[in-house]
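Novice: Shown below is the structure under consideration.
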Amino acid sequence: MINPIKSIKATRNKKRMKNYIENVRADVFKKSVGGKLNSSKQTQAPWDNNFFKNLDQPVKRHPQRNKEVLNALRYLRDINPDASMAVWNFMRMANQGHEIQVTDANGNDDEEAANYINDELAPRVGRIYGGGADQLINVLNLTGYTLGAEALEVELDNSLTEVVDFHPVDPTRLDFIPDEDGNLQLSQKDERGENVFLNPEQVFYIPIDPEIDDPYGRSPIVPAIESVLFQTEVLDDLKAVAHHQGHARFDVSVASEAIINAIPEKVLNDEDEVKKFVDDFLNSVEDHFQNIDPDDDFYHNDSIAINTVGGTASQSMDAKALMEIIDQQIITSLKQFPILLGRNSSVSETHAKVQLELEYMTIRSIQKVTKRMLEKAYNVALRAKGSQSIVTITFNDVAIKNRLEDAQAEEKELANEITKVNQGFIDNDEASNNVVGHDAVDEPMQQEQVDTSGADVYNSMLSKMQSDEEGDDDEPRKYRRFPSEFLFRSKGQE
8 MINPIKSIKA TRNKKRMKNY IENVRADVFK KSVGGKLNSS KQTQAPWDNN FFKNLDQPVK
68 RHPQRNKEVL NALRYLRDIN PDASMAVWNF MRMANQGHEI QVTDANGNDD EEAANYINDE
128 LAPRVGRIYG GGADQLINVL NLTGYTLGAE ALEVELDNSL TEVVDFHPVD PTRLDFIPDE
188 DGNLQLSQKD ERGENVFLNP EQVFYIPIDP EIDDPYGRSP IVPAIESVLF QTEVLDDLKA
248 VAHHQGHARF DVSVASEAII NAIPEKVLND EDEVKKFVDD FLNSVEDHFQ NIDPDDDFYH
308 NDSIAINTVG GTASQSMDAK ALMEIIDQQI ITSLKQFPIL LGRNSSVSET HAKVQLELEY
368 MTIRSIQKVT KRMLEKAYNV ALRAKGSQSI VTITFNDVAI KNRLEDAQAE EKELANEITK
428 VNQGFIDNDE ASNNVVGHDA VDEPMQQEQV DTSGADVYNS MLSKMQSDEE GDDDEPRKYR
488 RFPSEFLFRS KGQE
């Protein structure tokens with residue numbers, strides 16, 4: 008039976024301890040916080056200036072990331088071979104499939120919600136793009152890689168209980184406008200040109216690598232504009248040079264003495280007439296050679312000499328070094344590696360895998376944005392159904408390593424875990440969780456350690472042979488084991 012006096016004393020002691028702790032916290036707050044910290048924001052963003060408040064004006068984009076530049080990137084990625092190849096590689100590697108997991112508030116799998124998303128919702132979202140979450144992921148990934156941001160709207164029906172569709176939104180058509188409190192609100196212009204604020208619970212905007220005071224994000228391939236334009240100019244110049252020097256041309260020369268002898272005597276004293284005669288003479292020769300066909304022969308007197316110049320025999324600058332520099336700029340600006348754009352004709356397997364691993368790290372950064380976007384959209388769909396479960400999306404990795412390498416790596420990891428258990432560093436359950444993700448189902452099997460060195464194997468065979476000779480009188484059986492001994496013994500007996 009509980010002593011009431013002790014119970015009262017225990018309650019009083021708890022209250023005293025609670026009051027003591029509260030007094031200590033208050034004293035610490037006064038000494039370390041009171042008078043030293045402020046309760047409001049001290050710094051200002053560009054849109055916090057009172058002059059710009061309440062003007063219903065969007066936050067300006069940086070010049071290198073305005074809508075005209077981003078639209079130029081769209082045109083560039085479709086017409087330039089290198090940019091188009093970079094987009095193709097990114098799209099193929101970024102969407103290798105994905106897995107959806109739904110967990111309830113207690114962290115347990117919610118199979119009913121998962122079946123709703125996988126079987127009913129995912130196959131029909133993104134209807135105008137062919138339907139299906141896989142195609143929707145491609146659209147979002149392409150937008151993020153090109154424009155540096157992703158935007159998505161979740162459309163609900165009139166009852167607000169069913170998702171109609173997921174709509175990717177062009178980030179260049181959205182703006183951020185500060186409200187009276189200085190908070191940025193996502194908006195879009197309507198058909199009358201007026202800004203309309205969007206519901207942040209249904210319209211999501213996620214920038215990629217945004218700068219300070221810039222909510223719009225940064226396109227990773229903006230530098231490609233300069234590189235591609237420079238490449239185009241150089242290729243046009245090389246085309247002109249190749250056309251000018253790559254084809255043989257006629258070098259026609261007219262003897263000056265022949266021209267002088269052909270001048271009429273009546274115009275010799277008139278300088279203008281002489282000049283006119285010489286020009287007409289040369290023009291007639293030029294017109295003659297301009298109008299000949301490729302299969303015509305030349306007929307002329309000895310006053311005209313014809314030679315060929317240019318062609319492959321002529322020398323020009325070596326454009327290879329210049330094109331290598333341009334290629335490097337193109338590869339870097341498109342966030343690619345040489346092997347993906349066909350610039351590595353001879354590279355080791357190890358070097359190639361390193362390039363692919365680094366490229367996949369770049370891809371993951373944009374996959375994370377798409378992952379967050381779809382998780383938000385699916386969570387809205389579950390809320391509309393009255394579910395508080397949480398959706399988690401996991402993208403499948405690109406199969407860079409082959410199965411043999413994976414098996415060898417798994418074997419090494421398993422051997423390391425066994426060594427840890429044998430040395431007493433961890434127990435069997437901990438090792439099992441590290442390897443397969445759950446506790447061990449049985450005790451570890453202790454296998455006898457066998458020394459497979461050559462000497463021990465030989466000694467083992469020799470002792471086995473001796474024991475057989477001592478315990479078995481069957482001569483043919485022994486000689487079947489060692490036929491050379493049978494031959495030697497037979498010769499001795501003879």
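Counted from 1, the sequence shown has number 251 at position 244 by this note's numbering; the numbering is strictly sequential. Just so you know, even glycine gets a beta-carbon here, dropped at the ideal spot from N, CA and C. As the structure is a computational prediction, the values presented were derived from the model and not from experiment.
Is Ala-438 near Lys-427, with beta carbons less than 8 Å apart?
Specialist: Closer than 8 Å, so yes.
Novice: I need the DSSP call for Ala-129, collapsed to helix, strand or coil.
Specialist: Ala-129 falls in the coil class under three-state DSSP.
Novice: Rounded to a whole number of angstroms, what is the C-alpha to C-alpha distance between Gly-499 and Glu-450?
Specialist: Low confidence applies to Gly-499: its pLDDT is 49, below 50, so where it sits in the model is not reliable enough to give any reading.
Novice: I'd like to know if the segment 95 to 106 and the segment 359 to 373 are in contact, where contact means that at least 3 CB-CB pairs between them fall below 8 Å.
Specialist: Result yes; three or more Cβ-Cβ pairs closer than 8 Å.
Novice: From the DSSP output, which residues share a beta bridge with Thr-50?
Specialist: Looking at the DSSP assignment, Thr-50 forms no beta bridge with any residue, so it has no partner.
Novice: Report the rounded CA-to-CA distance for Asn-26 versus Thr-18, giving the unit in angstroms.
Specialist: Each residue's Cα considered, the two are about 12 Å apart.
Novice: Just how far apart, CA to CA, sit Phe-344 and Leu-154?
Specialist: Taking the straight line joining both Cα atoms gives about 20 Å.
Novice: Using the Cα positions of Lys-246 and Thr-357, report the straight-line distance between them to the nearest angstrom.
Specialist: If I take the Cα positions, the gap works out to 38 Å.
Novice: Can you look up Thr-315 in the DSSP assignment and give me helix, strand or coil?
Specialist: In the structure shown, Thr-315 sits in a strand (DSSP, three-state: E or B).
Novice: Residues in its own chain within less than 8 Å of Val-361 by CB, not counting five upstream and five downstream?
Specialist: Correct list: empty, nothing qualifies.
Novice: Output the boundary residues of the beta strand (DSSP E) element that contains Val-398.
Specialist: Segment 397 to 402, the beta strand (DSSP E) holding Val-398.
Novice: Let me make sure I understand the geometry here. Which of Asp-188, Leu-181 and Lys-16 has the alpha-carbon closest to that of Asp-197?
Specialist: That would be Leu-181, whose Cα lies nearest to the Cα of Asp-197.
Novice: Ignoring anything shorter than 3 residues, give me the beta strand (DSSP E) runs that lie fully in the segment 133 to 195, in order along the chain.
Specialist: Listed in chain order, the complete beta strand (DSSP E) runs (minimum 3 residues) inside the segment 133 to 195 are 156 to 163, 170 to 175 and 182 to 185.
Novice: Grab the span of the beta strand (DSSP E) containing Gln-108 for me, first residue to last.
Specialist: Residues 105 to 110.
Novice: Using the three-state DSSP reduction, which class does Asn-78 fall into: helix, strand or coil?
Specialist: Helix, per DSSP.
Novice: For the segment 209 to 267, list the beta strand (DSSP E) runs that are entirely contained and at least 3 residues long, ordered along the chain.
Specialist: Qualifying beta strand (DSSP E) stretches, in chain order: 210 to 214 and 255 to 261.
Novice: Under a three-way DSSP split, which group does Asp-413 fall into?
Specialist: In the structure shown, Asp-413 sits in a helix (DSSP, three-state: H, G or I).
Novice: Just to confirm, is the Cβ distance from Ala-391 to Leu-205 under 8 Å?
Specialist: No, the Cβ-Cβ distance between Ala-391 and Leu-205 is not below 8 Å.
Novice: Can you tell me which of the three DSSP states Phe-344 falls into?
Specialist: In this structure, Phe-344 counts as coil in the three-state DSSP scheme.
Novice: Would Phe-257 be called buried (16 or more neighbouring beta carbons within 10 Å of its own) or exposed?
Specialist: With fewer than 16 Cβ atoms within 10 Å of its Cβ, Phe-257 is classed as exposed.
Novice: By a C-beta neighbour count over all protein chains shown, 10 Å radius and 16 as the cutoff for buried, is Ala-140 buried or exposed?
Specialist: Per the 10 Å Cβ criterion, buried.
Novice: Does the pairing of the segment 112 to 132 with the segment 71 to 89 give three or more beta-carbon distances under 8 Å?
Specialist: Cβ pair count under 8 Å is below three, so no.
Novice: Going along the chain, which residues of its own chain have a beta-carbon closer than 6 Å to the beta-carbon of Asn-386, five neighbours each way excluded?
Specialist: Hits under 6 Å: Val-398.
Novice: Among all the DSSP beta bridges, which residues are the ones paired with Val-203?
Specialist: Val-203 is bridged to Gln-195.
Novice: The alpha helix (DSSP H) spanning Arg-23 covers which residue range?
Specialist: Its alpha helix (DSSP H) spans residues 11 to 39.
Novice: Which one or two residues does DSSP pair with Asp-116 in a beta bridge?
Specialist: Asp-116 is bridged to Thr-110.
Novice: Compute the distance between the beta-carbons of Ile-338 and Leu-348, then report whether it is under 8 Å.
Specialist: Cβ distance < 8 Å, so Ile-338 and Leu-348 count as in contact.
Novice: For Tyr-237 and Leu-341, what's the separation of their Cα atoms in angstroms?
Specialist: According to the sequence displayed, residue 237 carries Phe and not Tyr. Their backbone Cα atoms lie some 14 Å apart in a straight line.
Novice: Can you tell me which of the three DSSP states Ser-292 falls into?
Specialist: The question names Ser, yet the displayed sequence has Val at residue 292. Helix, per DSSP.
Novice: Would you call the segment 131 to 145 in contact with the segment 45 to 58, where contact means no fewer than 3 C-beta pairs closer than 8 Å?
Specialist: Touching, no.
Novice: CA-CA distance, Val-109 and Asn-115?
Specialist: Roughly 8 Å between the two C-alpha positions.
Novice: Assuming Leu-381 and Ala-120 form a contact by the criterion Cβ under 8 Å, report the distance between their Cβ atoms to the nearest whole angstrom.
Specialist: The pair is not a contact, with the Cβ atoms about 15 Å apart (cut-off 8 Å).
Novice: State the CB to CB distance for the pair Thr-377 and Ile-144, rounded to an integer number of angstroms; the pair is presumed to be in contact (CB under 8 Å).
Specialist: The Cβ separation is near 6 Å, so the contact holds.
Novice: Could you spell out where the alpha helix (DSSP H) holding Met-92 opens and where it closes?
Specialist: 88 to 101 is the span of the alpha helix (DSSP H), which, as asked, contains Met-92.
Novice: Once you ignore the five residues that flank Gly-151 on each side, which residues in its own chain have a CB closer than 7 Å to its CB?
Specialist: If we look at Gly-151 and ignore the five residues flanking it on each side, its Cβ neighbours are Glu-157, Ile-215, Ile-373, Val-376 and Thr-377.
Novice: CB Leu-159 to CB Phe-97, shorter than 8 Å?
Specialist: Cβ distance not < 8 Å, so Leu-159 and Phe-97 don't count as in contact.
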